[in-house]
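In the UniProt record's numbering, the protein residues as written are 1 to 107.
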Amino acid sequence: MSVDAAQGREWGIIILSCVRANNKASVGFLNEFRRLNVAATRAKYELIACGNLDTLMESQLWASFIKFFSDKNLIYSGQFTQLKRKSVKVDAKINMRQLCASKYQKD
């Protein structure tokens, strides 16, 4: 299902594919705050985002998002089948506007 089709719905677990295939290290349409906001807030229990950190870090929007999770030791690298599950209790909802404050954000 696309991010656009997911708006207004929730699922227990979301697997977000952020894989980009280009030689410019461009995140393309992934660089839209509203799409990231919808994708990141549809999961009730678990969000798994897969992508190339080097490419995603080229985006100020994604760099803020990744830094938040990196600061909580929630960024994992390696083969998907070899990654270990880590449970983290989040006490409050994440304020995506504050987390991803960037020039891409629109009111």
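We treat Cβ as the ideally placed atom computed from N, Cα and C, and that holds for glycine.
- When the Cα atoms are used, Q82 and G51 turn out to be separated by approximately 16 Å.
- In the DSSP assignment, L56 falls within the unbroken alpha helix (DSSP H) covering 53–56.
- Around the beta-carbon of I14, 16 or more other beta-carbon atoms lie within 10 Å, marking it buried.
- Cβ neighbours of K44 within its own chain (closer than 6 Å, five residues either side excluded): E10, G12.
- Going by DSSP, S17 is part of the beta strand (DSSP E) stretching over 11–17.
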